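J.:
There are 4 protein chains.
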Amino acid sequence: MIYFDSDYMAGAHPEVLKRLVETNTEQTVGYGCDDYTKRAVELIREACGLPEARVQLLVGGTQTNATLIDALLARHEGVLAAETGHIAVHEAGAVEASGHKVLTLPSHDGKVAAEEVEHYIEEFYRDETYEHMVAPGMLYISQPTEYGTTYSKAELEALAAVCRKAEIPLYIDGARLGYALAAEGNDLSLKELAALADVFYIGGTKVGALFGEAVVVRDPKRLPHLFPLVKQHGALLAKGRLLGLQFEALFTNGLYEKIGQKAVAQALRIREAFRAKGYEVVVPSPTNQQFFRLPNEVIDRLKQEASFELWGPRGATETVVRFVTGWSTTDEDVDQLIAML
Amino acid sequence: MIYFDSDYMAGAHPEVLKRLVETNTEQTVGYGCDDYTKRAVELIREACGLPEARVQLLVGGTQTNATLIDALLARHEGVLAAETGHIAVHEAGAVEASGHKVLTLPSHDGKVAAEEVEHYIEEFYRDETYEHMVAPGMLYISQPTEYGTTYSKAELEALAAVCRKAEIPLYIDGARLGYALAAEGNDLSLKELAALADVFYIGGTKVGALFGEAVVVRDPKRLPHLFPLVKQHGALLAKGRLLGLQFEALFTNGLYEKIGQKAVAQALRIREAFRAKGYEVVVPSPTNQQFFRLPNEVIDRLKQEASFELWGPRGATETVVRFVTGWSTTDEDVDQLIAML
Amino acid sequence: MIYFDSDYMAGAHPEVLKRLVETNTEQTVGYGCDDYTKRAVELIREACGLPEARVQLLVGGTQTNATLIDALLARHEGVLAAETGHIAVHEAGAVEASGHKVLTLPSHDGKVAAEEVEHYIEEFYRDETYEHMVAPGMLYISQPTEYGTTYSKAELEALAAVCRKAEIPLYIDGARLGYALAAEGNDLSLKELAALADVFYIGGTKVGALFGEAVVVRDPKRLPHLFPLVKQHGALLAKGRLLGLQFEALFTNGLYEKIGQKAVAQALRIREAFRAKGYEVVVPSPTNQQFFRLPNEVIDRLKQEASFELWGPRGATETVVRFVTGWSTTDEDVDQLIAML
Amino acid sequence: MIYFDSDYMAGAHPEVLKRLVETNTEQTVGYGCDDYTKRAVELIREACGLPEARVQLLVGGTQTNATLIDALLARHEGVLAAETGHIAVHEAGAVEASGHKVLTLPSHDGKVAAEEVEHYIEEFYRDETYEHMVAPGMLYISQPTEYGTTYSKAELEALAAVCRKAEIPLYIDGARLGYALAAEGNDLSLKELAALADVFYIGGTKVGALFGEAVVVRDPKRLPHLFPLVKQHGALLAKGRLLGLQFEALFTNGLYEKIGQKAVAQALRIREAFRAKGYEVVVPSPTNQQFFRLPNEVIDRLKQEASFELWGPRGATETVVRFVTGWSTTDEDVDQLIAML
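So the protein sequences, as listed, match chains A, B, C and D. Be aware that the first sequence starts at 1, since it is given in this note's numbering, and climbs by one per residue. Be aware that the second sequence starts at 342, since it is given in this note's numbering, and climbs by one per residue. Be aware that the third sequence starts at 683, since it is given in this note's numbering, and climbs by one per residue. Be aware that the fourth sequence starts at 1024, since it is given in this note's numbering, and climbs by one per residue.
1. Taking the C-alpha atoms as reference points, what is the distance between Ile1020 (chain C) and Arg1098 (chain D)?
2. Should Ala998 (chain C) be labelled buried (16 or more other beta-carbon atoms within 10 Å of its own) or exposed?
3. Output the boundary residues of the alpha helix (DSSP H) element that contains Glu660 (chain B).
4. Do Gly178 (chain A) and Lys153 (chain A) come within 9 Å of each other at the CB atom, strictly closer than that value?
5. Would you say Gly779 (chain C) lies against chain A (beta-carbon separation less than 9 Å)?
6. Comparing alpha-carbon positions, which option in C:Glu765, C:Val794, C:Leu919 lies nearest Glu842 (chain C)?
7. Buried or exposed: which applies to Ala276 (chain A), given that a residue is buried once 16 or more other Cβ atoms fall within 10 Å of its Cβ?
8. Would you say Ala945 (chain C) reaches chain D, if we count a Cβ-Cβ gap shorter than 9 Å as a contact?
9. Buried or exposed for Met350 (chain B), going by 16 or more other Cβ atoms inside 10 Å?
10. State the CB to CB distance for the pair Asp450 (chain B) and Tyr488 (chain B), rounded to an integer number of angstroms; the pair is presumed to be in contact (CB under 8 Å).
11. Which same chain residues, not among the five before or five after Ala694 (chain C), have their C-beta less than 6 Å away from its C-beta?
12. Got a sec: is the Cβ-Cβ distance from Glu813 (chain C) to anything in chain B below 9 Å?
13. Which term fits Asp1013 (chain C), buried or exposed, when burial requires 16 or more other beta carbons within 10 angstroms of its beta carbon?
14. Closer than 9 Å, CB to CB, is His1099 (chain D) near chain B or not?
15. Cβ of Val624 (chain B) less than 9 Å from any chain D Cβ?
16. So is Asp468 (chain B) in contact with chain D if we call contact Cβ pairs under 9 Å?
17. Whole beta strand (DSSP E) runs in the segment 389-449 of chain B with 3 or more residues, listed along the chain?
18. Buried or exposed for Asp375 (chain B), going by 16 or more other Cβ atoms inside 10 Å?
19. Between which two residues does the beta strand (DSSP E) containing Glu167 (chain A) stretch?
20. Do Ala182 (chain A) and Ala265 (chain A) count as a contact pair if the criterion is CB distance below 9 Å?
21. Tell me whether Gly1197 (chain D) sits in a helix, a strand or coil according to DSSP, three-state version.
22. Interface residues of chain B around Lys1124 (chain D) at Cβ under 7 Å?
23. What does DSSP give as the partner residues of Phe541 (chain B) in its beta bridges?
24. Suppose the cutoff is 8 Å on Cβ atoms and the five residues either side in sequence are ignored; what does the same chain contact list for Lys359 (chain B) look like?
25. Please determine, among D:Ser1130, D:Leu1128, D:Ala1111, D:Pro1129, the residue with the shortest C-alpha to C-alpha distance to His441 (chain B).
26. Measure from the C-beta of His1256 (chain D) to each C-beta in chain C and report whether the shortest distance is under 9 Å.
27. Check whether the segment 1256-1276 of chain D and the segment 1071-1088 of chain D touch, using three or more Cβ-Cβ pairs below 8 Å as the test.
28. For the segment 40-54 of chain A, list every residue whose C-beta sits within 7 Å of some C-beta in chain B, in sequence order.
29. Check distances from the C-beta atoms of the segment 306-330 of chain A to those of chain C and list, in chain order, the residues that come in under 9 Å.
30. At the level of alpha carbons, what is the spacing between His1142 (chain D) and Trp652 (chain B)?
31. Listed from N- to C-terminal order along the chain, which residues in the segment 355-375 of chain B have their beta-carbon within a distance smaller than 8 Å of any beta-carbon of chain A?
32. Could you list the residues in the segment 813-836 of chain C with a C-beta less than 8 Å from some C-beta on chain D, going in chain order?
33. Which runs of the alpha helix (DSSP H) spanning at least 4 residues fall entirely within the segment 961-998 of chain C, listed in chain order?
34. Can the beta-carbon of Gly419 (chain B) be found less than 9 Å from the beta-carbon of Pro477 (chain B)?
35. List the residues of chain D whose Cβ lies closer than 7 Å to the Cβ of Asn925 (chain C), in chain order.
36. How is the beta strand (DSSP E) around Met340 (chain A) delimited, first residue to last?
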């Protein structure tokens, strides 16, 4: 069986695992105060071009979003997000459980449009009853989005400009950031993204780590009390060095980039193979997630040797499916899939 | 340098790590639906003598307490706990962040007394204004406690009887449960504890795992919607098998018991050595945490070769210190420490 | 100046105020345990045909919605509501502040469609990832809606059937219930509504009281701990009899009905007058709120002698406006307005 | 029957009620934007000597505490309070429901000691693990306290100095503030209190109003978004002028002071009468609440003609009782009580 269900089905990239193994018996202080974490923080700051940034390592994506959104918002504020955003749909109400509303915007293949964000904020404050409503207190976007699409440099600049004008922070969920950086046609470097976002995170769980997300706060003064909030959200890992070691490995010798590049290249091969066979590519995704509309009989046939997800409920004659590549996808897996088409 | 700071300073017990390494490239479904997790669940059910129990694996202790307490309490209820309890002191308000009050009881070396719990509940309902106050909705205890002490079988039976009478669940924080099971003079088996607690967790982080806590819900009908609450609390690990694999290893060939036994034996050797030298043993702990009152000059001398924590602020001439053993403590470490006294 | 801004601009109906004045110096116990409140509860039970119902008097609408929704939902659940619903828009995030998501449905002039509610719930549970999403735990509707429209008996029966099938409570925000009961073409009595709703409230603030909302819980066993939750939400009035006295007055000699009838009759006169002048009636409202699209110069002219609200931002040449009648609207006010057209 | 149960058993002082009656049919805008509220705000600012203060009128005490504490605290902070404080005991967990812990201090007849507050804060930051604990983010005191005792000017200055040094706001619950201002031996004027507190409220419910509490925020910049938080907490009264009218009346011609003075004088007469009969005065209260230890047979005899509360459970032979006076207590009531002793 070959697997294209998701990018979190295997363990860690061997380089990452190696570090955990070779340091296993060392004794270090907990909670991320160890030297491995410090080194990871330095590597991430360097990669982002932000020597002063606060870098906080957390375990998982929902946890990271819930903690940081809670940290960034005042009590009367909510978070703007695409109606398809992970926080709006698939986090079991974690944002609301911290007391904040998700204010939804239309999704354009998973993305929000700068002019629509701006319009929302303008209309909000033009409404005389706005103090009876939840104020837009930050913008959440994901790069790449839940549909594999990406913001261009110009699009992100436009969003950042809207946020700056409205004096609200721009937060980027980078659970799959490695695949956006390696996306077909990408014109947005990590440094450029880091300069535009107020807070973002670099996803580890889906890009080669066992687990782990690295939050980058451009201006540490924005979140002076992040540590106790991380603890309060149950997001503080006792053996914090496990996060430090993994991110140290990912940001050494360009591993994070390599993982992204290989997986995206594989995904694009898959996309071209499906397209060549005449199947509809449902979303113009330049990253490691690809969505196709397939006849049900093709799905049934492929399922005999390949594992992948239906995207939404099965249709009468055809259904949208998702194929995902990751660090553990081999070129042979892709060859085999293509041969089956 | 030899380390006695805590039981979460090293990585995982080699048997645990081995499983993570040898399965690393396997592809499994996420979120704890994989076969390794299923096997771990079966092993834990068996060890607890609870074939029908719901077992849920989570990442860390504060997260586990916050999630389960939130799941167990109604909105108008709070959780009874010793004033020294971890949830009352060292979880940065995680319980309150979910909307619940911690109702504190006197601590007797970290333990609560059954008669005091009963008295609290009786007085509460005798007060005519009780509907203006937070109702005691569950009892939280830790076994062993934050001070290393343990409840005897009779004490736990008394607490369980009080809870049953008051119709509130008894919850046991077993972050260090392995050390209680191996405690000097312990007369309470895992099966007995599992039969008395309504919900408890078996700590992995401090007993040989990289991370992980296994929650056991005796009657699954008590918490029919635990999964979405776990997700909502940001406590759902994407690569859930990492938890399954670790608990599978810990509950294979009695590893969990062995880790506890070795560490406790070492701690007791340390205790006797200090006692023999005439130092005060501050808390009658039969587990892997030991507390001594030492002259400051002794502390300073020991600190040159041994790492350990002050317990509270440094005193003028003497200070209470804590020594902790764990899976990675070697007998040579202990020998060396004793030789230094 | 004549006022049509809202139905909460004047004090209390004289019959209501009279009761407060004539009982002012009496001494009664607090928190709603007094005899006036007991009598009001009995009168409301009788009017609803629910002799066993739990009736709880609260102060205001947002408070009532937030408290009851919090009381009705489990932690993993959210509340279904029209995207135009008061809780979704104009309560400053009070529902989210208690930790719950508002799950929005399309609005049809302020109403939700039974088939769309049913579809939402069905699709939710058909989604394999539903435990990662917020479960629909109750349905919130308002009668009349924020746009003055009303559910017919058949429509409410359909919604109740959907809720019963899904085993979720149906909650009705009756902030302006008096005007729905008196609505043009209304075929739904208070008793019928009370039999279909699981929980609803009878609005006092907007229907002749100084303040006050009467919550009716058909089956008291559904909310056994409502009192402490009311207190916890800061919704418990110390001098609770003020609520009892007001609802006693409103439910004596059909006052609540009379207030509704008079105001609706006035609103319909206003509607017909605008319609006769050729202005667009924007929403087909049969109640005390009427919405018209007027040329800006007409608005400016009317504003010289009449006070009313723009509904949304002022347009370039024409704007939607709202006229509202209430207990204090006199027939002369309406005559004067019509004369101005 | 004569009533000494509490100070919220009757309606409003006649001067207050009169204003509600004579303005009843006027039409004003809602939510506290009306002219009566503006005038009340000006009167309160003047009485406090704080022409720039933000004054916000709310309905009840628990609501006020919950809303303001939530507004003042950051997410990682808790509120320091006496263990007997209203927020710690009798608000059904309202503070925790907003996510904040109440950090308790010893009570000295209901009061906290400045040196103990200072010590708590110093010890907190001396603890190396303080970021794992809930930070003291404000100090809550009540004036007078729940036991009728009051802070002297020197005591309040000391508390204010501790708070200023720790850079946390001092919040005063003035639910019965009128009685503290009139207390026997009081040396603290409203202006002086207003200059020392960062935020406090002037209680109306227990001092002559039907309901209502006036929050005073010395520096409005401290709480720039109070309005939406008030709404979010369900604390915004639609017919806001009802609050304005009442506080306007209370702060016209010294009514607030007069109510306090009369009730305190009556309470002191009662105290002296009990003392003269040899009964123990349990708390040295100089305000309108008095606590005595009485033989049960005396209680039973008095109860035949007087209504008052037991303070805690009935003892075997004697019990502590509370007598409270208020605006509606007549001198004849007091004469009658004294004659019964």
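All C-beta atoms in this analysis are idealised placements derived from N, C-alpha and C, irrespective of residue type, glycine included. Keep in mind it's a predicted model, so treat the numbers as computed, not measured.
T.: Quick look at the numbers:
1. 54 Å
2. Exposed, because fewer than 16 other Cβ atoms sit within 10 Å of the Cβ of Ala998 (chain C).
3. Reading off the sequence shown, one finds Thr at residue 660 (chain B), where the question assumed Glu. It is not in any alpha helix (DSSP H) - Thr660 (chain B) instead sits in the beta strand (DSSP E) that spans 659-665.
4. No.
5. A small correction: the amino acid at residue 779 (chain C) is Ala; Gly does not occupy that position in the sequence shown. Output row for Ala779 (chain C): interface = yes.
6. The sequence shown places Ala at residue 842 (chain C), rather than the Glu named in the question. It is C:Val794 whose Cα lies nearest to the Cα of Ala842 (chain C).
7. exposed
8. no
9. When all chains shown are included, Met350 (chain B) counts as buried.
10. 5 Å
11. Ala891, Leu892
12. yes
13. exposed
14. yes
15. no
16. yes
17. 395-399, 418-423, 443-446
18. Counting the other CB atoms within 10 Å of its CB gives Asp375 (chain B) a total of 16 or more, which places it among the buried residues.
19. Where Glu167 (chain A) is concerned, there is no enclosing beta strand (DSSP E), given that its DSSP letter is neither H nor E.
20. yes
21. strand
22. Gly434, Glu437
23. Paired residues: B:Ile513, B:Val557.
24. Ala590
25. Comparing C-alpha distances from His441 (chain B) to each of D:Ser1130, D:Leu1128, D:Ala1111, D:Pro1129 shows the shortest one belongs to D:Ala1111.
26. It does: the Cβ of His1256 (chain D) has a partner Cβ on chain C nearer than 9 Å.
27. yes
28. none
29. Glu309, Leu310, Gly312, Pro313
30. 18 Å
31. Result list: Pro355, Leu358, Leu361, Val362, Thr364, Asn365, Thr366, Glu367, Gln368, Thr369, Val370, Gly371.
32. Of all residues in the segment 813-836 of chain C, none places a beta-carbon less than 8 Å from a beta-carbon of chain D.
33. Listed in chain order, the complete alpha helix (DSSP H) runs (minimum 4 residues) inside the segment 961-998 of chain C are 978-985.
34. yes
35. The residue you asked about is not Asn; residue 925 (chain C) is Leu in the sequence shown. Residues of chain D passing the Cβ test: none, with the nearest at roughly 10 Å.
36. First-last for Met340 (chain A): 331-340, but that is the alpha helix (DSSP H), not the beta strand (DSSP E).
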